[in-house]
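So the protein lines, in turn, are chains A and P. Just so we're aligned: the first sequence equals residues 1 to 184 in our numbering. Just so we're aligned: the second sequence equals residues 1001 to 1184 in our numbering. So the structure is just underneath, and the comments pick up after that.
2 protein chains.
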Amino acid sequence: MARAPLSPDAVVDLALRIVDEEGPDALTLSAVAGRAGVATPSLYKHVRNLAELRVLVSGRVLGELTEVASEAVLGRSGDEALRALMDGWRSYAARHPHRYSALIQAPQPETAEAGDRLVGIMVAALRAYGLEGSAAIHAVRCLRAAMHGFAVLEAAGAFQLAENLDESHALLAHMVLSGLHASR
Amino acid sequence: MARAPLSPDAVVDLALRIVDEEGPDALTLSAVAGRAGVATPSLYKHVRNLAELRVLVSGRVLGELTEVASEAVLGRSGDEALRALMDGWRSYAARHPHRYSALIQAPQPETAEAGDRLVGIMVAALRAYGLEGSAAIHAVRCLRAAMHGFAVLEAAGAFQLAENLDESHALLAHMVLSGLHASR
DNA sequence: CTTCATGGCTAATAGAATTAGCCTGTAGGC
DNA sequence: GCCTACAGGCTAATTCTATTAGCCATGAAG
């Protein structure tokens, strides 16, 4: 069976599949090589090393997240936009918990532009609140903190109790929104 | 020089030092053994394996965080208590970023009671808002999400811009507080 | 037809985790 | 004072994984 020719992108595809199915810790070059039907060292023809593969995976996830965010915000503004953004973010993380966990938070030169785009979307979403300059930066940071914190904890299964998570998340959105209103 | 006798606690001490100085990824049994002046396999007399050591480290951090939280809340209530809690949390994470990153979010049976204590402190801090039962659970989740999100991002150096982080964090606290007030 | 870059391979090295099994000093029990 | 069992260290050996070096075939470009 002719397997698809390997390429950096194809390697990242396989890596993502491994991450999704077995978690970020299972992302190993030999696992990828196994799925690719290739000897481990062959991967070095496409990817510098494991660390770079992780960055590439993280970049892919960041891109998907950016897409989610931009769709959520599209055609909306104000509270509605922000709520949609938060919901979309959470839903992405909940749908792909391992993938979300594979996001590298420490800034990577390779993913800087993708990160900037995402920040740009958030800044735009905050424009309706009259936030600009430093105020917008602070607000974006808080938004990120809230979304990321919730996403990580949910993805890790840290919310143990039976209470409905949608409700919890709605409260979080309420906090963000009322905080933005009250600071106007 | 008579080195202190090894024990599970002593091993965790060394592990914490490694985490602090070199980051969580540098936490390796051979690194610990090196610092202990002992051969790697000897560590297995004190600790089941690397995974357990990580859990023990995480438990230690959780304990410290619980202490910070309980001191912050002590003698305060309402907004003041919550603000102190958030400040203390952030300051712990900022003071020990690697250590904070070594916190395992996925629930561990070994650290369940410590986690419960921490949640208990938060619930207590929320009592002034008239939150009980499910409402308190939702609020605690949001509080955790906000604090954890900010702490992780700050510890990872994800906040790149020059804007003052204290201000950003004050806004986050403002969001949490105003959200709690508005939902009363 | 020749050349050369691409992308695969094997061999080899090094570091880490983990297991098995050995050895010794010492605290008690006699 | 002697014997025994256990605690805690050690060495040897295995298994994974990452990574490097260097070889080889193939196919496109000249």
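We put the beta carbon where it would ideally sit given N, CA and C, even for glycine. The structure displayed is predicted, hence computed values, not measured ones.
ask   = Quick one, which residues of the stretch 100–117 of chain A are near chain P if we go by CB-CB under 7 Å, in chain order?
value = Q105, A106, P107
Bounding residues of the alpha helix (DSSP H) (the contiguous stretch that carries H181/A):
Counted from its first residue, the first sequence places residue 181/A at position 181. Its alpha helix (DSSP H) spans residues 165–182.
field: Q105/A burial status per 10 Å Cβ neighbour count (16 or more: buried)
entry: Residue numbering aside, residue 105/A sits at position 105 when the first sequence is read from its first letter. Buried is the call here.
Problem - CB contact below 9 Å: H138/A versus chain P - result: Taking the first sequence and counting its residues from 1, the one referred to as residue 138/A is at position 138. So, interface residue.
Short CB-CB distance (under 9 Å) between V1068/P and chain A: Locating residue 1068/P in the second sequence gives position 68, where the first residue counts as 1. No, V1068/P does not count as interfacial toward chain A.
*Three-state secondary structure (DSSP) of V38/A*: For the purposes of this step, residue 38/A is identified with residue 38 of the first sequence, where counting begins at 1. Of the three classes helix, strand and coil, the one that applies to V38/A here is coil, per DSSP.
Rounded C-alpha distance that separates V1047/P from I1018/P:
Counting from 1 along the second sequence, the entry for residue 1047/P is found at position 47. Counting from 1 along the second sequence, the entry for residue 1018/P is found at position 18. Those two C-alpha atoms are separated by around 16 Å.
In chain A, which residues lie less than 7 Å from R1054/P when you measure between Cβ atoms?
By 1-based counting over the second sequence, the position of residue 1054/P is 54. Per Cβ cutoff of 7 Å: no residues; R1054/P is ~11 Å from chain A at best.
Under 9 Å Cβ-Cβ, which residues of chain P neighbour S91/A? In the first sequence, the residue the question calls residue 91/A occupies position 91. Those within 9 Å of S91/A in chain P number zero; the least Cβ separation is about 15 Å.
- prompt: If we count Cβ pairs, one from each stretch, closer than 8 Å, do we get three or more for the stretch 168–175 of chain A versus the stretch 1137–1144 of chain P?
  reply: yes
Worksheet item: With DSSP run on the structure shown, which of helix, strand or coil describes P1107/P?
Response: For the purposes of this step, residue 1107/P is taken as residue 107 along the second sequence, with counting starting at 1. DSSP places P1107/P in coil when its eight states are reduced to three.
Q) Which of the three DSSP states, helix, strand or coil, is assigned to T1159/P? A) Locating residue 1159/P in the second sequence gives position 159, where the first residue counts as 1. Here residue 1159/P is Phe; the residue named in the question, Thr, does not match the sequence. Three-state result, F1159/P: coil.
Could you check the C-alpha separation between G1037/P and D20/A for me, to the nearest Å? In the second sequence, counting from the first residue as 1, residue 1037/P sits at position 37. In the first sequence, counting from the first residue as 1, residue 20/A sits at position 20. Rounded to the nearest angstrom, the two C-alpha atoms are 40 Å apart.
Could you tell me which chain A residues have their CB closer than 7 Å to the CB of E1163/P, listed as they occur along the chain? Here residue 1163/P refers to the residue found at position 163 when the second sequence is read from its first residue. Within 7 Å Cβ-Cβ: S134, I137, H138.
With the cut-off set at 9 Å, would you say L1029/P and L1050/P are in Cβ contact?
Position 29 of the second sequence, counted from the start, is the residue given in the question as residue 1029/P. Position 50 of the second sequence, counted from the start, is the residue given in the question as residue 1050/P. Yes, Cβ-Cβ distance for L1029/P and L1050/P is below 9 Å.
Helix, strand or coil, according to DSSP, for H46/A in the structure here? As a first step, residue 46/A must be located in the first sequence, where it is residue number 46. DSSP places H46/A in coil when its eight states are reduced to three.
* To do: Out of T111/A, V123/A, A158/A, R35/A, point me to the one whose CA is closest to L85/A's CA.
  => In the first sequence, residue 85/A corresponds to position 85, counting from 1. When each option's Cα is compared against that of L85/A, the closest is V123/A.
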